[in-house]
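**Student:**
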């Protein structure tokens, strides 16, 4: 019957019948072997017939891979130093770094390692399991150090919280001293990376934005000076104790090489222009539009707040206050439309008419038919005239560049970077020295430069990409590689074999 499955007994019985028909003496004579030997071999073949006649499973045969551990065990039979024989020399227990690296949720585990020693030269030879654990231990510490960098410079966690995070993730806590040492080491390396920005090939950047933040870090009276280009790339961070000496040094170090800006954009601090010239920079100094508007609003508020009037001598104090408040309200009602014109002058689309509108506002303030010519109103008009003589030309040039070349006209970009630094100020209070605090904020700045934005006008890009920094010349492709925290170079198959 076709395709019938034959049982083993059906296969063995005819073969045994065939064996009985063999003339053992004649076959032994022809093969030149003793007849007893041939009978012995035939008996062994008869015993193994059931296994030989089993049906094989369809498909290719499975390949058997000999583990490297067995090969290493074979090679270990001889000492690599003198070629002598190896003997077992006891066992010892170590932390199971493989399980802590791959399955930290299992907690701290231990594993037994066999010690091998040469009989001749007493050289100790490493067991394959010991080699695996050593590689896993190095990889574990590399991952822990990368976690410290992420926790400290991106999440803004303290040393204690970082310690808890590592213990929860990797089953074993590290000391606060190690976290502190890694924080300082990473910060110093990040500071050196920021200093190399000017020496790398990059896209054209025409603006240098500068500002100070953190007037006081707890009881330590030093500020943080931040220099940024229009692409949002933080180029320098420095803790300032003596502004007159250190700001020119910082500006001089931020500019040079492949970064040669043309314009210097700051707030209304009058000393920045002096510091720029002390640094040897000949840049066109612009003031931020937002701070200019704030200054004008401040002048209007002072004109209303400082209004004066003549009172009858016998008028009570309560009535005097009431009349003065009424006059302030009337003056505010007159000045508010003019202030709205100031906002309109700096709005988008009015760049060409901005200074003309401001001149018209000043002329309206000087018209007695429109505004009551009180002492504060006259003083306001004089201050606005002085303001226009000082900043009028630079306002026109700044707004013209913003329209023609889409360059920044505010320091909002720089203020947003300062807002990133502020949550970290609580951690920075615990750095007793300015240099350590400066290294800490340098690492935060470098991390921010590589941060890819998930929303906004710069969605999907980082400051490094927008500035077109040559990463090959910089020495790394991301934050971790630049500060010496590359991912572990170890394969999963090596750990799990």
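In the numbering used here, the protein residues as written are 93 to 589. Even glycine gets a Cβ: it sits at the ideal position worked out from N, Cα and C.
Count the other C-beta atoms from every protein chain shown that fall within 10 angstroms of the C-beta of residue 282, then say buried if there are 16 or more, exposed otherwise.
**Tutor:** Along the chain shown, read from residue 1 onward, the residue named residue 282 stands at position 190. It counts as buried.
**Student:** Sorted by chain position, which residues of the same chain lie with C-beta nearer than 6 Å to residue 464's C-beta, five sequence neighbours on each side aside?
**Tutor:** Along the chain shown, one-based indexing puts residue 464 at 372. So the list is empty, once near-sequence residues are dropped.
**Student:** Taking the alpha carbon of residue 186 as the reference point, which residue from 223, 211, 457 has its own alpha carbon closest?
**Tutor:** As a first step, residue 186 must be located in the chain shown, where it is residue number 94. Closest by alpha carbon: 223.
**Student:** Kindly identify the DSSP beta-bridge partner or partners of residue 177.
**Tutor:** Taking the first residue of the chain shown as position 1, residue 177 is located at position 85. In the DSSP output, where bridge partners are listed per residue, residue 177 has 170.
**Student:** What does DSSP give as the partner residue(s) for residue 348 in the beta ladder?
**Tutor:** Start at 1 with the first residue of the chain shown, and residue 348 comes out as number 256. Per DSSP, 351.
**Student:** Return helix, strand or coil for residue 70, following the three-state DSSP convention.
**Tutor:** Residue 70 lies beyond the range of the chain shown here (93 to 589); nothing can be said about it.
**Student:** With a CB to CB cut of under 6 Å and the five nearest residues on each side skipped, what residues in its chain are close to residue 524?
**Tutor:** Mapped onto the chain shown, residue 524 falls at position 432. Counting only Cβ-Cβ distances below 6 Å, and skipping sequence neighbours, we find nothing.
**Student:** Is the CB-CB distance between residue 559 and residue 321 below 8 Å?
**Tutor:** The residue given as residue 559 occupies position 467 in the chain shown. The residue given as residue 321 occupies position 229 in the chain shown. Contact flag set, yes.
**Student:** Between residue 106 and residue 134, what straight-line distance do the alpha-carbon atoms span, to the nearest angstrom?
**Tutor:** Translated into positions along the chain shown, residue 106 becomes position 14. Translated into positions along the chain shown, residue 134 becomes position 42. Cα-Cα distance, rounded: 15 Å.
**Student:** Among the candidates 195, 176, 298, 346, whose CA atom is the shortest distance from the CA of residue 317?
**Tutor:** For the purposes of this step, residue 317 is identified with residue 225 of the chain shown, where counting begins at 1. Ranking 195, 176, 298, 346 by Cα distance to residue 317 puts 346 first.
**Student:** When the distance is taken between beta carbons, is residue 207 closer than 8 Å to residue 176?
**Tutor:** As a working mapping, residue 176 is identified with position 84 in the chain shown. As a working mapping, residue 207 is identified with position 115 in the chain shown. For residue 176 and residue 207, no; Cβs fall outside 8 Å.
**Student:** Which of helix, strand or coil does DSSP assign to residue 403?
**Tutor:** For this step, residue 403 is matched to residue 311 along the chain shown. Reduced to three states, the DSSP call for residue 403 is coil.
**Student:** Per DSSP, residue 328 forms a beta bridge with which residues?
**Tutor:** In the chain shown, residue 328 corresponds to position 236, counting from 1. According to DSSP, residue 328 bridges with 319.
**Student:** Under 6 Å Cβ to Cβ from residue 304, same chain only, skipping five residues before and after it: list those, please.
**Tutor:** Here residue 304 is taken as the residue at index 212 of the chain shown, counted from 1. Answer for residue 304: 315, 317, listed in chain order.
**Student:** On the three-pair Cβ rule with 8 Å, is the segment 347-360 touching the segment 428-444?
**Tutor:** Touching, no.
**Student:** Quick check on DSSP: helix, strand or coil for residue 306?
**Tutor:** Position 214 of the chain shown, counted from the start, is the residue given in the question as residue 306. DSSP places residue 306 in coil when its eight states are reduced to three.
**Student:** List the endpoints of the continuous alpha helix (DSSP H) containing residue 572.
**Tutor:** Locating residue 572 in the chain shown gives position 480, where the first residue counts as 1. Segment 571-574, the alpha helix (DSSP H) holding residue 572.
**Student:** Return the bridge partner residues of residue 379 from the DSSP annotation.
**Tutor:** As a working note, residue 379 is residue 287 in the chain shown. Residue 379 pairs with 358.
**Student:** Note the first and the last residue of the continuous beta strand (DSSP E) segment covering residue 204.
**Tutor:** Working through the chain shown from its first residue, we reach residue 204 at position 112. Its beta strand (DSSP E) spans residues 202-210.
**Student:** If you reduce the DSSP assignment to three classes, tell me which class residue 476 lands in.
**Tutor:** Indexing the chain shown from 1 puts residue 476 at position 384. It is helical.
**Student:** Would a C-beta distance cut-off of 8 Å place residue 235 and residue 580 closer than the cut-off?
**Tutor:** If you number the chain shown from 1, residue 235 lands on position 143. If you number the chain shown from 1, residue 580 lands on position 488. Yes, the pair counts as a contact, with Cβ atoms nearer than the cut-off.
**Student:** Take every Cβ of the segment 561-569, pair it with every Cβ of the segment 285-293, and state whether three or more of those distances are shorter than 8 Å.
**Tutor:** In short, these stretches touch, since the Cβ pair count reaches three.
**Student:** What's the C-alpha gap between residue 400 and residue 467?
**Tutor:** Here residue 400 refers to the residue found at position 308 when the chain shown is read from its first residue. Here residue 467 refers to the residue found at position 375 when the chain shown is read from its first residue. The alpha-carbon atoms of residue 400 and residue 467 are separated by roughly 8 Å.
**Student:** Within the same chain, show all residues whose beta-carbon is closer than 7 Å to that of residue 501, passing over the 5 residues directly before and after it, in chain order.
**Tutor:** Position 409 of the chain shown holds residue 501. Closer than 7 Å at the Cβ level, and outside the excluded window around residue 501, lie 381, 490, 491, 494.
**Student:** Quick check: the Cα distance between residue 161 and residue 293, rounded to an integer number of angstroms?
**Tutor:** Counting from 1 along the chain shown, the entry for residue 161 is found at position 69. Counting from 1 along the chain shown, the entry for residue 293 is found at position 201. Note that residue 161 scores a pLDDT of 47, beneath 50, so its modelled location is shaky; the value from the coordinates is reported in the next line. Cα-Cα distance, rounded: 49 Å.
**Student:** Helix, strand or coil: how does DSSP classify residue 182 here?
**Tutor:** Looking up residue 182 in the chain shown gives position 90. Residue 182: strand per DSSP, three-state reduction.
**Student:** Just list the residues that DSSP pairs residue 187 with in beta bridges.
**Tutor:** Here residue 187 is taken as the residue at index 95 of the chain shown, counted from 1. Residue 187 pairs with 202.
**Student:** Along the chain, where does the alpha helix (DSSP H) containing residue 274 start, and where does it finish?
**Tutor:** Your numbering for residue 274 matches position 182 in the chain shown. Segment 268-287, the alpha helix (DSSP H) holding residue 274.
**Student:** Here's a check: name, in chain order, each residue in its chain whose Cβ is nearer than 6 Å to the Cβ of residue 634, leaving out the five neighbours to either side.
**Tutor:** Because the chain spans 93 through 589 in this model, residue 634 falls outside it and cannot be assessed.
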